[in-house]
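Enquirer:
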Amino acid sequence: MALALAPLIRISSISLPLAEITFILWYPIISVPLLVAAFLIKSLMGISFREMGYSFSNFQAQLIIGTIGIPLGVIHYQILKPVYSDLNLVANELWFTVLVLIICTGFLEEFIFRGILFRASVEVVGNKALLYVSCIYSVMHIAHGSLVNVIFVFLVAILFTKILIWQKNIIGISLAHGLMTVTLYVICPALLY
22 MALALAPLIR ISSISLPLAE ITFILWYPII SVPLLVAAFL IKSLMGISFR EMGYSFSNFQ
82 AQLIIGTIGI PLGVIHYQIL KPVYSDLNLV ANELWFTVLV LIICTGFLEE FIFRGILFRA
142 SVEVVGNKAL LYVSCIYSVM HIAHGSLVNV IFVFLVAILF TKILIWQKNI IGISLAHGLM
202 TVTLYVICPA LLY
């Protein structure tokens, strides 16, 4: 059942009628059904947040781990060079955009991929779970039309999973994922475009 979450992400992102809605609002709209599904699956799996890696112990280390998202975002920007005209933001919109990207990509996607899918995959395929979940995550990025991007995302997924295994904490990689997305879509376009 946990494996149904990955296709649900892509199905939600292409099936919801979002054309008339500003780009940044797509994320929370798509995230609501995903969050509901993820929480239901988490409950059915009978795992706690702590077992998923949610812990505030060693919080400073998690903040430091989170900062790796910034250089990863710069590299990702160099690969994709995204340009979104509606991300010319004033200060109050900037904070909303940053918060949405960190929560909806960083924390939600890590909750799904490293918190649920990786954990479920370990029980089924053992040590191959790292590659399995990383492949699933990278395949979801084929829509960008760049093989280099798919390879980059695959390597980032492996890195994040290895950090989760090492730290037994998902908070740092969730923050890193969110900051990578913020750097990709907000910081780099503002500074480099």
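So the sequence shown is numbered by the working numbering: it starts at 22 and just counts up by one. We put the beta carbon where it would ideally sit given N, CA and C, even for glycine. Values in this document were obtained by computation on a predicted structure and should not be read as measured data.
1. What is the DSSP secondary structure of F60, counted as helix, strand or coil?
2. According to the neighbour-count rule (16 or more other Cβ atoms, all chains shown, within 10 Å of its Cβ), is N148 buried or exposed?
3. Is it the case that the Cβ atoms of Y48 and L93 are separated by a distance below 8 angstroms?
4. Would you call the stretch 171-186 and the stretch 52-66 touching, i.e. three or more CB-CB distances under 8 angstroms?
5. Starting from the C-beta of V143, find all residues in its chain whose C-beta is less than 6 angstroms away, skip the five residues before and the five after it, and write them out in chain order.
6. Less than 8 angstroms between the CB atoms is what I'm expecting for L205 and L101, so what's the real figure, rounded?
7. Can you give me the Cβ contacts of Y75 inside the same chain, cut-off strictly under 7 angstroms, excluding the 5 residues immediately before and after it?
8. Would the beta-carbon of S202 fall within 8 angstroms of that of T88?
9. Looking only at C-alpha atoms, which of C209, Q83, A178 sits nearest to V160?
10. Are the Cβ atoms of S69 and L129 separated by less than 8 angstroms?
11. According to the neighbour-count rule (16 or more other Cβ atoms, all chains shown, within 10 Å of its Cβ), is V207 buried or exposed?
12. How is G67 classed by DSSP in three states: helix, strand or coil?
13. Just the Cα atoms here: how many angstroms apart are I91 and I133?
Expert: Looking at the atomic coordinates:
1. DSSP places F60 in helix when its eight states are reduced to three.
2. A residue is called buried when at least 16 other Cβ atoms come within 10 angstroms of its Cβ; N148 does not meet this threshold and is exposed.
3. For the pair Y48 and L93, the CB atoms are not nearer than the 8 angstroms cut-off.
4. Contact between the stretch 171-186 and the stretch 52-66 is absent: fewer than 3 CB-CB pairs across the two stretches fall below 8 angstroms.
5. Excluding sequence neighbours, V143 sits near A150.
6. Contact between L205 and L101 holds, with the beta-carbon distance rounding to 7 angstroms and staying under 8 angstroms.
7. Taking C-beta separations shorter than 7 angstroms and ignoring five residues to either side along the sequence, the partners of Y75 in its chain run I191, I192, following chain order.
8. In the sequence under discussion, the amino acid at residue 202 is Thr, which differs from the Ser named in the question. Cβ distance not < 8 angstroms, so T202 and T88 don't count as in contact.
9. When only C-alpha atoms are compared, the closest one is A178.
10. Cβ distance not < 8 angstroms, so S69 and L129 don't count as in contact.
11. By the neighbour-count definition (other C-beta atoms within 10 Å, threshold 16), V207 is a buried residue.
12. DSSP places G67 in coil when its eight states are reduced to three.
13. The C-alpha of I133 is placed about 22 angstroms away from the C-alpha of I91.
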